[in-house]
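These notes concern the structure reproduced below.
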Amino acid sequence: MTEIRLATLKDVPALAKLEAESFPYDAMSARSFRRFIKLGEAELWVLDQNASLLGYAIMLYRPATKLARLYSFAIAQQARRQGFGNQLLKHMETLAKAEHSLFMRLEVKADDSAAVGFFQQRGYHDIGLKNDYFDDHSDAVVLQKQLHFFDSERTPRRVPYLTQTTPFTCGPTSLLMALSYFGHEYARPDLEELELWREATTIYMTSGHGGCGPHGLARAAHKRGLEVELWVSQPGPVLLDSVRNAQKRDVMARIQVADIAALEQAGVTMHVGDYYANQLEQDLAADKLVIALISTYQFDQSKAPHWVLVTAIDDDFVYINDPDEDTVPWQSPVERQYIPIPRETFSRAFGYGSKRLRAALVLAR
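Going letter by letter, the sequence shown gives residues 1 to 365 in the UniProt record's numbering.
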């Protein structure tokens, strides 16, 4: 008798054995399997036939989104090409749909043509490549399958994706993605990322390297030929509340005053007020992109300011390209492309600090 059931601690030895046979280049330890089972960090399902473990799958649900991650999937060598893999994969997709997940994503060793082909034959598409991903330094193909479908008229545009190369360049990287979409190509985007940061930084943030303010980013975007419309919910220099040192606050204020003056001289439209969802819908429908300042608290419980690129919106979700590379090992950078965020979650995240600063750069050709 064959059944698919949740794993128990009794399955750990068999899971570790199957793992070592399936992924000798990047095998998880028995301890990792126990952690998944005991701490509930993921759903770990096994394919069991007459008390013999033929396969397993690990599912992760990204907090605050509708994105399911097939973190690991394996079928025993002797059980392959008998329909067991298809059976287990369909089971996992059914679970993800029941959780209203919009996409299923996974990584597969780039040179494992059999595994890549298995998923491609079942509707998964190549959406990116991760270099030096596995322990043996081999690359991974990122595959995705859409589980729920958009209205064809609202299918998201394919806005290029980039990952920020430093902890403090989320704003410049979001702008680089927009520039690429609007036809600006750079031979060395990693260098342009830092050049944008130099232009847009507010000099100081809470500590360490400075982050980019809305006026500086708007100035950098305008300099590169984009049409820019800036919305900031508070007048004058912003992002000063968390900086305790008076001298640093003064420097931040002065550079933002200079940015504002330059924008005024260039005729860039600036609004002091809230940027609402209906305006976001109108702008995206007009083939514009929006760089938005969010607080990461809704996603990882850390109250950090973060810039993301908003690429699409529908009745249920706001879709973002998130340039940040999470340190959590099962969340790959490519997972941050077209992330579906429930509209109510995005509304809570759109704003930073005790004064709920809301800032949005509306960009067009």
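Each residue gets a CB set at the ideal place from its N, CA and C atoms; glycine is no exception.
In this text the structure is predicted, and so the values were computed from the model without any measurement.
Assigned exposure category for residue i - 16 Cβ within 10 Å defines buried
i: GLU43; result: buried
i: PRO172; result: buried
i: VAL272; result: exposed
i: SER52; result: exposed
i: GLY123; result: exposed
i: ARG105; result: buried
i: GLN247; result: exposed
i: GLY85; result: buried
i: MET177; result: buried
i: ARG81; result: exposed
i: GLN331; result: Confidence at GLN331 is low in this model, with a pLDDT of 46, below 50, so its placement is unreliable and no value can be given for it.
i: LEU191; result: exposed
i: SER113; result: exposed
i: ASP11; result: buried
i: SER152; result: Confidence at SER152 is low in this model, with a pLDDT of 43, below 50, so the placement of that residue is unreliable and no value is reported for it.
i: ASP111; result: exposed
i: ASN321; result: buried
i: LYS303; result: exposed
i: THR311; result: buried
i: GLY183; result: exposed
Per DSSP, cross-strand counterpart(s) of residue i
i: LEU363; result: VAL228 and LEU289
i: THR128; result: At residue 128 the sequence reads Gly, which differs from the Thr that was named. GLY128 is bridged to VAL142.
i: ALA312; result: TYR319
i: ILE294; result: HIS306
i: VAL108; result: VAL141
i: PHE73; result: ALA57
i: MET270; result: LEU230
i: GLN49; result: THR2 and SER52
i: CYS170; result: Answer is none; CYS170 lacks a bridge partner.
i: ILE339; result: ILE320
i: PHE119; result: Answer is none; PHE119 lacks a bridge partner.
Integer-rounded CB distance, given that residue j should sit under 8 Å from residue i
i: ASP139; j: LEU129; result: 6 Å
i: PHE119; j: LEU143; result: 5 Å
i: HIS91; j: ILE4; result: 5 Å
i: ALA76; j: LEU54; result: 5 Å
i: HIS215; j: ASP259; result: 4 Å
i: PRO323; j: CYS170; result: 5 Å
i: LEU217; j: ILE291; result: 7 Å
i: VAL159; j: TYR133; result: VAL159 to TYR133, Cβ: 23 Å. No contact.
i: LEU6; j: TRP45; result: 6 Å
i: LEU309; j: LEU289; result: 6 Å
i: LEU179; j: ARG224; result: 6 Å
For residue j and residue i, the rounded distance between their alpha carbons
i: ALA30; j: VAL108; result: 21 Å
i: ALA359; j: THR8; result: 47 Å
i: GLY353; j: TRP307; result: 14 Å
i: ARG348; j: GLU21; result: 45 Å
i: LEU162; j: HIS125; result: 18 Å
i: GLU193; j: GLU185; result: 12 Å
i: ALA187; j: ARG62; result: 33 Å
i: ALA16; j: MET28; result: 7 Å
i: VAL328; j: GLN265; result: Unreliable positioning characterises VAL328 in this predicted model, as indicated by a pLDDT of 39, which lies under 50. The coordinate reading is nonetheless provided below. Those two C-alpha atoms are separated by around 44 Å.
i: GLU344; j: TRP197; result: 31 Å
i: ASN245; j: VAL251; result: 10 Å
i: PRO189; j: PHE350; result: 27 Å
i: ASP287; j: LEU361; result: 14 Å
i: ALA14; j: ALA98; result: 28 Å
i: LEU147; j: HIS100; result: 9 Å
i: ASN278; j: PHE346; result: 14 Å
i: ASP48; j: LEU363; result: 53 Å
i: SER233; j: GLU325; result: 28 Å
i: VAL228; j: GLN164; result: 22 Å
i: ALA115; j: PHE73; result: 10 Å
i: GLY236; j: SER242; result: 16 Å
i: LEU239; j: GLU19; result: 48 Å
i: PRO24; j: LEU60; result: 22 Å
i: GLY117; j: ALA57; result: 18 Å
i: SER32; j: GLY40; result: 12 Å
i: ARG34; j: LEU95; result: 22 Å
i: LYS355; j: MET270; result: 19 Å
i: LEU89; j: ILE127; result: 19 Å
i: PHE150; j: ARG219; result: Its pLDDT being 47, under 50, PHE150 is placed unreliably in this model, and the coordinates cannot settle the point.
i: ALA285; j: GLN78; result: 52 Å
i: ASP283; j: VAL141; result: 33 Å
i: GLU195; j: ASP26; result: 37 Å
i: ASN50; j: GLU93; result: 24 Å
i: LEU280; j: LEU230; result: 12 Å
i: PRO305; j: THR166; result: 15 Å
i: MET1; j: TYR276; result: 56 Å
Residue i Cβ short of 7 Å to the ligand MN heavy atom set
i: VAL362; result: Judged by which ligands are present, the structure shown has none, so any question about the ligand MN falls away.
Could you tell me whether the stretch 195 to 204 touches the stretch 308 to 317, using the rule of 3 or more Cβ pairs below 8 Å?
-> no
So, do the stretch 66 to 75 and the stretch 337 to 355 have three or more beta carbon pairs nearer to each other than 8 Å?
-> yes
Counting Cβ pairs, one atom from each stretch, are 3 or more of them under 8 Å apart for the stretch 286 to 300 and the stretch 244 to 258?
-> no
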